[in-house]
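As structure tokens, the structure follows; a few thoughts come after it.
In our numbering, the protein residues as written are 136 to 249.
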């Protein structure tokens, strides 16, 4: 399933399936993801006390903005790219709360409990 994430639509389908509500219980944030290149575009995530909503396009006043090349971000979702390395190499740029951005790893981790 995750290996086929190569579009905004695929990401919007994948994210709710991998969402771990227990890991997100104390999170209340809006994320905007802006992806460049083939398969790119923008989408948003709203996490509020263990609940997730997602949508295509931009959202006003996000708490966190993530910017990356689409293949890098989709590689992160599919587990082919290390998010720490993407960040250190500035292949993913975080604006806003870095601590909220880091929570996404656990919230969408294959090993987190729902």
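Idealized CB from N, CA, C, for every residue including glycine.
Exercise. What residue range is occupied by the uninterrupted alpha helix (DSSP H) comprising residue 207?
Worked result: 205–213
Problem set entry | CA-to-CA distance, residue 243 to residue 191, given in whole angstroms | 18 Å
Exercise. Any idea which residues DSSP pairs residue 166 with across the strands?
Worked result: 180 and 199
Exercise. From what residue to what residue does the beta strand (DSSP E) around residue 188 run?
Worked result: 186–191
For this session: Just the C-alpha distance for residue 136 and residue 161, rounded to the nearest angstrom, thanks.
Result: No answer about residue 136 holds up, because its pLDDT of 41 lies below 50 and its placement is not dependable.
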